[in-house]
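Student: Numbering (my numbering), first residue to last: 111 to 317.
Could you have a look at this structure, given as structure tokens, before my questions?
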Amino acid sequence: GRVVIATHNPGKLKEMQDLLAPHGIEAVSAGALELPEPEETGDSFAANARIKAQAAARAAELPAFADDSGLCVDSLGGQPGIYSARWGGPEKDFEMAMDNVQALLVTVDALTADRRRAHFVSALCVAWPDGHVEEFEGVVDGTLVWPPRGKKGFGYDPMFVPEGYTRTFAEMTAEEKHSMPPLGLGLSHRARAFRKLAEACLAPPAD
Ligand code: ITT
Numbered sequence: 111g112r113v114v115i116a117t118h119n120p121g122k123l124k125e126m127q128d129l130l131a132p133h134g135i136e137a138v139s140a141g142a143l144e145l146p147e148p149e150e151t152g153d154s155f156a157a158n159a160r161i162k163a164q165a166a167a168r169a170a171e172l173p174a175f176a177d178d179s180g181l182c183v184d185s186l187g188g189q190p191g192i193y194s195a196r197w198g199g200p201e202k203d204f205e206m207a208m209d210n211v212q213a214l215l216v217t218v219d220a221l222t223a224d225r226r227r228a229h230f231v232s233a234l235c236v237a238w239p240d241g242h243v244e245e246f247e248g249v250v251d252g253t254l255v256w257p258p259r260g261k262k263g264f265g266y267d268p269m270f271v272p273e274g275y276t277r278t279f280a281e282m283t284a285e286e287k288h289s290m291p292p293l294g295l296g297l298s299h300r301a302r303a304f305r306k307l308a309e310a311c312l313a314p315p316a317d
């Protein structure tokens, strides 16, 4: 059936479409439906995902998928966290945002163990027009590198190397970043959240 993907971020939209496509779900974006963008007033990824999914489901009268996500740097007390998008500023300048993460990292005591450790979080919320929600979360651990490397992906991908790999997310194809079955069990935070959703309530992907 028809569903809405409640995001105005083109990089995220492409990934969410990729992750839904194998399940035969036809998705239109909140942008294409010209849905208003609600204010993200929550104090957690899950709360913000719920705000976006419920607003879109009510406005479009269709089931809606929303992802609220971000990069959490352990040695920076979890920053930028739920403010990851806002660190890009109104111009959505993630080169600047990555520079700012790096500038803070070099101020962290060099002896602090694993000061470059970080993780991405994706809170995925599916909402129905009657307000019902189902929620899933995916996390991927990794290390921040400097300088940034790679041109693929979006946001903070050029400085994030997932655990067990040597390339950044921006040096991987979308298929590698997702690593969904049959290639893998889900690599990115978003792929892992979608895998939990699929295990909970979707038909298995068609071959
Ligand atoms: P919507 O709210 O419209 O979906 P947004 O970009 O504002 O778009 P978020 O509030 O969830 O979305 O912010 C998430 C930010 O975290 C995003 O802008 C990226 O900078 C970063 N981020 C999330 N997932 C990422 C990924 O897979 N790779 C790189 N950066 C990511």
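A virtual CB, placed ideally from N, CA and C, is assigned to each residue, including glycine.
Rounded to the nearest angstrom, how far is the Cβ of A237 from that of S179, given a contact under 8 angstroms?
Tutor: That belief does not hold up - the Cβ atoms of A237 and S179 are roughly 17 angstroms apart, past 8 angstroms.
Student: Run the proximity test for R277: is its beta-carbon closer than 7 angstroms to any non-hydrogen atom belonging to the ligand ITT?
Tutor: Not under cutoff, so the answer is no.
Student: Applying the 10 Å Cβ sphere with the 16-neighbour rule, what's the burial state of S154?
Tutor: exposed
Student: Nearest-angstrom Cα distance between R226 and V271?
Tutor: 10 angstroms
Student: Taking G121 as part of the alpha helix (DSSP H), name the residues at either end of that continuous run.
Tutor: 120-130
Student: Cutting at 8 angstroms between CB atoms, please list the residues of its own chain near S298, excluding the five before and the five after it.
Tutor: Cβ neighbours of S298 within its own chain (closer than 8 angstroms, five residues either side excluded): E125, F230, S232, G248, V250, P272, F279, K287, H288, S289.
Student: Please find out if some non-hydrogen atom of the ligand ITT comes closer than 7 angstroms to the beta-carbon of N210.
Tutor: No, since every heavy atom of the ligand ITT falls outside the 7 angstroms radius drawn around the Cβ of N210.
Student: Which residue from Q164, P291, H133 puts its Cα closest to that of T117?
Tutor: Q164
Student: G199 and M208 - do their beta-carbons sit closer together than 8 angstroms?
Tutor: no
Student: Could you give the distance in angstroms between the alpha-carbon of E147 and the alpha-carbon of H133?
Tutor: 27 angstroms
Student: Please specify which runs of the alpha helix (DSSP H), each continuous and at least 4 residues long, are wholly inside the segment 136-189, giving them in chain order.
Tutor: Runs of the alpha helix (DSSP H) spanning 4 or more residues and lying entirely within the segment 136-189 occur at 155-170, in chain order.
Student: Helix, strand or coil for F204 per DSSP?
Tutor: helix
Student: So what's R196 in DSSP terms, helix, strand or just coil?
Tutor: Here R196 sits in helix by DSSP.
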